[in-house]
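Note sheet for the following structure.
2 protein chains.
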Amino acid sequence: MPTNLIKGNAVIGQSGGPTAVINQSLVGVIEGLAGSSCIDKILGAHHAVSGIIKNDFIELQDVPQERLDRIAQTPSAALGSSRDKPDAEYCKKICDVFAKQNIRYFFYIGGNDSSDTCRIVNELAKKNNYDLRSFHVPKTIDNDLVHNDHTPGFGSAAKFVAQAFIGDNLDNRSLPGIKINIIMGRHAGFLTAAAMLARQHDDDGPHLIYVPEAAFDLDKFKADVAEVYSRLGRCLIAVSEGIHDKDGTAIASKLAGDVQKDAHGNVQLSGTGALGDHLSNALKEHLGKNTRVRADTFGYLQRCFAGCVSQVDAHEARLAGRKAAELALSGELDGSIAIQRVSNKPYKVEYKRIELSDVAAKTQTLDPKYIVHGNNIDPSFRDYLAPIVGDLPIVDSLRGQ
Amino acid sequence: MPTNLIKGNAVIGQSGGPTAVINQSLVGVIEGLAGSSCIDKILGAHHAVSGIIKNDFIELQDVPQERLDRIAQTPSAALGSSRDKPDAEYCKKICDVFAKQNIRYFFYIGGNDSSDTCRIVNELAKKNNYDLRSFHVPKTIDNDLVHNDHTPGFGSAAKFVAQAFIGDNLDNRSLPGIKINIIMGRHAGFLTAAAMLARQHDDDGPHLIYVPEAAFDLDKFKADVAEVYSRLGRCLIAVSEGIHDKDGTAIASKLAGDVQKDAHGNVQLSGTGALGDHLSNALKEHLGKNTRVRADTFGYLQRCFAGCVSQVDAHEARLAGRKAAELALSGELDGSIAIQRVSNKPYKVEYKRIELSDVAAKTQTLDPKYIVHGNNIDPSFRDYLAPIVGDLPIVDSLRGQ
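Line by line, the protein sequences are chains R and E. Position one of the first sequence corresponds to residue 1 (the numbering used here), numbered consecutively onward. Position one of the second sequence corresponds to residue 1 (the numbering used here), numbered consecutively onward.
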């Protein structure tokens, strides 16, 4: 045992929106801690921080490997999640429970809000001279963590979006019209941009892609769609739920009559069809009300769909969890695991420790070089994305024989 | 060659909403006709009947098997589809083109509207003493063709719905609240009922299922949801887009400000989030506006998602197409292929010829024995459904250790 190690219990929490591979990271941490003489109990916090302050834990140190493997392949957060954003008093309660339970290792799997929680708890413990090891394991389908090439959960959600667009492009070819698909992503357009992977043949959709990184203008949108529609007789469009006007106001937030906000002050964007219907009606008004315009909102399906997992994503999520455990057991005090790409051909990544404060509450967005005319994604984005998503179904057509 | 056979060209059309396996049936017909001395050209009608009257055909007799196999595995209608509902004049044009092109074999892949088109064209040809063989090959994710145990396309769409619910149930467990999912099906609730396959463990959702076969009452719905929500702290709900009140008026049709109708006089139900948002708002009003209620509309994703195909469905779709070709080449004059279940354990089906008039423009609905209290589906429905859908992802949890 390295000399600066401490003996005690470990707690693991899963926070924020679930993903298809967040349980891989959970199992990765458990595997990484297993058998260490420093660790007594491995506790799972039921519903993240809210479980910690309620002393609601699940013991994980004796779960058989076979079951761990099944859980790793199960989408969503097996421990339950939470959207609580702990304030100072909440964090104090967490530290009190840690002291009472002799919890010396804290692993928190989540996005940038979760890494911030991890940072605050860590700093409070330090202030109290309570010896705690705090590690953040990255997770978010939004892919918006800084210092990360990409984040666990994104690849599988991107695979879902790509497969949905492969099918929907063929659907739209078969019964031509205008089709809008609304994709998750409040500030970052990575997942919406992933729709571009569906393009396999000439004229394949999505023909237009709108991400939150470019200001959205309804008149330009209508003109963009009209141009494609008159040229191809159809138009398939990917739109981020987070698109906003030039003043930074989310289009969706202007629609909601009765806006719901979460603990982080975020307006509810998902779980409603309002944005799609709004854009759809605007197009019908512009192009004639008998124009065939449809809108689908991918909603929660894209983050936890059972049976649509990127194998690379699953593997990386597992290793990110293991890496956090290894660092904690090697004497490191705190940090966040960042996935960084070492080479693209062959695809290779490294798992680096970075400071909690480097990642906490910051947002990574799409590199402007990928955004074309504010209404599309450059083909070069494929080089970045394809290795993370893995193989996609190959489709064929009867055209061009 | 049987004595009553005729030599000429064949035409194949794909009609109505596309499915994940309609190209299997297309390839099945092509394979069934291949090498017959009766068949000169095999013509694919581009966009179904609308391609026929425009003389817009794709030659299919020389497509290599390798490409046929890839096309069979491609979702949506490779020939393009149409929602045209031919009237008498339209059908006369079809017959004129058939005569001009010496088309003697007509294969039409589609649902009940399509079988009716097939029947009308067939009767007109008979009246004109034009020797035509007309066969309808079943296709519909709605599973609503009479005299069929089930229809090609349904099993794959049901698999999508089940996998979506497996993930969404875990999502809803992880971040508890009320979640409504709107599923396709105008008059028949089979696809909505398929959500029940997602139940693997105690308390798994969907907890409530609303199909068009039972009259929908908003007050009862609110009470149903409130009961589950107070008992489990969450509620996952499957709702058919076609739910209607006790007078038979579709709930969705009462919401649309600017209702679009198709050529069959059907009100647009898909491609809008209005129904989900309406039910969602009604629940927030009833349970308090801070109650976490979300609604997703599966929309077009459920019928053509690439990479979510029931292997049984794909196989049966192929064989239904082959059977139509075989019957036509064995001297039968017309008919529709019906899939009928011979035994359940082991699962076995037969492909029977039935009269076009037996299936045309009729709708099969869920057997009332499967509908429980107007808000759920009986567990026995699994015996019917599971063999058609095939294997689903197995998920595990950390509860009950």
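Positions of the beta carbon are idealized from the N, C-alpha and C atoms, including for glycine. Here the structure is a predicted model, which means the values were calculated and not measured.
Would you call the CB atoms of residue 336(R) and residue 353(R) closer than 9 Å?
What you label residue 336(R) is simply residue 336 of the first sequence in a count that begins at 1. What you label residue 353(R) is simply residue 353 of the first sequence in a count that begins at 1. Contact flag set, yes.
If I follow the unbroken alpha helix (DSSP H) through residue 317(E), where does it start and stop?
Along the second sequence, one-based indexing puts residue 317(E) at 317. Residue 317(E) -> alpha helix (DSSP H) spans 311-329.
Neighbour list for residue 304(E) in chain R, Cβ cutoff strictly below 7 Å:
Along the second sequence, read from residue 1 onward, the residue named residue 304(E) stands at position 304. Neighbours of residue 304(E) on chain R, chain order: 167, 168, 170, 171.
Beta carbons nearer than 9 Å to chain E: which residues of the segment 372-398 of chain R have them?
The segment 372-398 of chain R vs chain E, Cβ under 9 Å: 392, 393, 394, 395, 396, 397, 398.
Can you give the beta carbon distance from residue 145(E) to residue 138(E), rounded, assuming they're within the 8 Å contact cut?
Numbered from 1 along the second sequence, position 145 holds the residue referred to as residue 145(E). Numbered from 1 along the second sequence, position 138 holds the residue referred to as residue 138(E). Rounded to the nearest angstrom, the Cβ distance from residue 145(E) to residue 138(E) is 5 Å, consistent with a contact under 8 Å.
Answer with buried or exposed for residue 373(E), where buried requires no fewer than 16 other C-beta atoms within 10 angstroms of its C-beta.
Here the question's residue 373(E) lines up with position 373 in the second sequence. Residue environment for residue 373(E): exposed (fewer than 16 other C-beta atoms within 10 angstroms of its C-beta).
Nearest-angstrom Cα distance between residue 283(E) and residue 167(R)?
Position 283 of the second sequence, counting from 1, holds the residue named residue 283(E). Position 167 of the first sequence, counting from 1, holds the residue named residue 167(R). The straight-line gap from Cα to Cα measures roughly 33 Å.
DSSP three-state assignment for residue 357(R), whether helix, strand or coil
Position 357 of the first sequence, counted from the start, is the residue given in the question as residue 357(R). Of the three classes helix, strand and coil, the one that applies to residue 357(R) here is helix, per DSSP.
Do residue 294(E) and residue 177(E) have their CB atoms nearer than 9 Å?
Residue mapping note: residue 294(E) aligns to position 294 of the second sequence, counting from 1. Residue mapping note: residue 177(E) aligns to position 177 of the second sequence, counting from 1. Yes, the Cβ-Cβ distance between residue 294(E) and residue 177(E) is below 9 Å.
Would you verify that the beta carbon of residue 209(R) is, or is not, closer than 9 Å to some beta carbon of chain E?
Sequence index remark: in the first sequence, residue 209(R) carries index 209 (1-based). At a cut-off of 9 Å between beta-carbon atoms, residue 209(R) makes no contact with chain E.
Looking at the structure shown, is residue 49(R) part of a helix, part of a strand, or coil, going by DSSP?
For the purposes of this step, residue 49(R) is identified with residue 49 of the first sequence, where counting begins at 1. In this structure, DSSP gives residue 49(R) a helical state, which the three-state scheme calls helix.
Closer than 9 Å, Cβ to any Cβ of chain R: which residues of the segment 289-301 of chain E, in chain order?
If the cut-off is 9 Å between Cβ atoms, the segment 289-301 of chain E has 289, 290, 292, 293, 294, 295, 296, 297, 298, 299, 300, 301 near chain R.
Helix, strand or coil at residue 401(R) [DSSP, three-state]
Position 401 of the first sequence, counting from 1, holds the residue named residue 401(R). Bear in mind that a pLDDT of 43 at residue 401(R), under 50, signals an unreliable position, so the number given afterwards is only what the model happens to contain. DSSP places residue 401(R) in coil when its eight states are reduced to three.
Taking the Cβ atom as the reference point for each residue, do residue 106(E) and residue 10(E) lie within a distance shorter than 9 Å?
Your numbering for residue 106(E) matches position 106 in the second sequence. Your numbering for residue 10(E) matches position 10 in the second sequence. Against a cut-off of 9 Å, the Cβ pair of residue 10(E) and residue 106(E) comes out as a contact.
Distance cutoff 9 Å, beta carbons only. Does residue 20(R) sit that close to anything in chain E?
Locating residue 20(R) in the first sequence gives position 20, counting from the first residue. Interface flag for residue 20(R) against chain E is set, since a Cβ pair is found closer than 9 Å.
In the segment 205-252 of chain R, which residue ranges form an unbroken beta strand (DSSP E) of at least 3 residues, counting only runs that do not cross its ends?
If we require 3 residues or more, the beta strand (DSSP E) runs fully inside the segment 205-252 of chain R come out as 208-210, 235-240.
Nearest-angstrom Cα separation, counted from residue 240(E) out to residue 244(R):
To locate residue 244(R), count along the first sequence from 1; it is residue 244. To locate residue 240(E), count along the second sequence from 1; it is residue 240. Looking at the two C-alpha atoms, the distance is approximately 32 Å.
I'd like to know if residue 239(E) contacts chain R, where contact means its C-beta is closer than 9 Å to some C-beta of that chain.
On the second sequence, residue 239(E) is found 239 positions in, with the first residue counted as 1. Residue-level contact check: residue 239(E) does not touch chain R, since none of the beta carbons of chain R fall below 9 Å from its beta carbon.
Determine the burial state of residue 399(R): buried for a count of at least 16 other Cβ atoms within 10 Å of its Cβ, exposed for fewer.
Locating residue 399(R) in the first sequence gives position 399, where the first residue counts as 1. It counts as exposed.
Residues that DSSP places opposite residue 14(E) in a beta bridge:
Here residue 14(E) refers to the residue found at position 14 of the second sequence. According to DSSP, which records beta bridges pairwise, residue 14(E) is partnered with 109(E).
Name the two residues that bound the continuous beta strand (DSSP E) containing residue 342(R).
Taking the first residue of the first sequence as position 1, residue 342(R) is located at position 342. Per DSSP, residue 342(R) belongs to the beta strand (DSSP E) from 334-344.
Mind listing which residues of the segment 71-104 of chain R have their C-beta closer than 7 Å to chain E's C-betas, in chain order?
Hits within the stretch, in order: 71, 74, 75, 76, 77, 78, 79, 80, 81, 83.
Under 8 Å: do the segment 272-281 of chain E and the segment 297-304 of chain E share three or more Cβ pairs, one atom per stretch?
With the cut-off at 8 Å, the segment 272-281 of chain E and the segment 297-304 of chain E touch.
Do residue 250(R) and residue 210(R) have their C-beta atoms within less than 9 Å of each other?
The sequence position of residue 250(R) within the first sequence is 250, counting from 1. The sequence position of residue 210(R) within the first sequence is 210, counting from 1. Against a cut-off of 9 Å, the Cβ pair of residue 210(R) and residue 250(R) comes out as no contact.
Kindly provide the ranges of any alpha helix (DSSP H) runs that are 4 or more residues long and lie completely inside the segment 46-108 of chain E, ordered along the chain.
Inside the segment 46-108 of chain E, DSSP marks whole alpha helix (DSSP H) runs of 4 or more residues at positions 48-53, 65-72, 88-100, from first to last along the chain.
Coil, strand or helix - residue 129(R) by DSSP
For this step, residue 129(R) is matched to residue 129 along the first sequence. Residue state, collapsed to three classes: coil.
Say whether the segment 310-326 of chain E touches the segment 29-48 of chain E, bearing in mind that this needs 3 or more beta-carbon pairs closer than 8 Å, one atom from each stretch.
Three or more beta-carbon pairs drawn from the segment 310-326 of chain E and the segment 29-48 of chain E are found closer than 8 Å, and the two stretches are therefore classed as touching.
Other residues of its chain near residue 81(E): CB distance less than 7 Å, five sequence neighbours each side excluded
Counting from one through the second sequence, the residue named residue 81(E) turns up at place 81. Non-local C-beta neighbours of residue 81(E) in its own chain, meaning closer than 7 Å and more than five positions away in sequence, comprise 14, 15, 16, 18, 47, 48, ordered along the chain.
What are the complete beta strand (DSSP E) segments, minimum 3 residues, inside the segment 112-182 of chain E?
Listed in chain order, the complete beta strand (DSSP E) runs (minimum 3 residues) inside the segment 112-182 of chain E are 133-138.
Residue 238(R) CB to nearest heavy atom of the ligand GTP below 8 Å
Among the components modelled here there is no ligand, and therefore nothing to report on the ligand GTP.
Is the Cβ of residue 280(R) closer than 9 Å to any Cβ of chain E?
Reading the first sequence from its first residue, position 280 is the one you call residue 280(R). Output row for residue 280(R): interface = yes.
Close beta carbons around residue 375(E), own chain, < 8 Å, minus the five adjacent residues each side:
Taking the first residue of the second sequence as 1, we reach residue 375(E) at position 375. 208, 209, 210, 214, 220, 221, 224.
Might you give, ordered along the chain, the residues of its own chain that have their beta carbon closer than 8 Å to the beta carbon of residue 401(E), omitting 5 neighbours on each side?
Numbered from 1 along the second sequence, position 401 holds the residue referred to as residue 401(E). In this predicted model, residue 401(E) has a pLDDT of only 43, less than 50, meaning its place in the structure is not dependable; the value taken from the coordinates is given anyway. The same chain holds no residue with a CB closer than 8 Å to that of residue 401(E) once the five nearest residues on each side in sequence are set aside.
What residues are listed by DSSP as bridge partners for residue 296(E)?
Reading the second sequence from its first residue, position 296 is the one you call residue 296(E). DSSP, once it has assigned bridges, lists 181(E) as partnering residue 296(E).
Could you check the C-alpha separation between residue 1(E) and residue 39(E) for me, to the nearest Å?
The residue given as residue 1(E) occupies position 1 in the second sequence. The residue given as residue 39(E) occupies position 39 in the second sequence. Reliability fails at residue 1(E), whose pLDDT of 49 lies under 50, so the model's placement of it is uncertain and the value that follows must be treated cautiously. Cα-Cα distance, rounded: 11 Å.
So, using beta-carbon positions, are residue 468(R) and residue 395(R) closer together than 9 Å?
Residue 468(R) is absent from the model: chain R starts at 1 and stops at 401.
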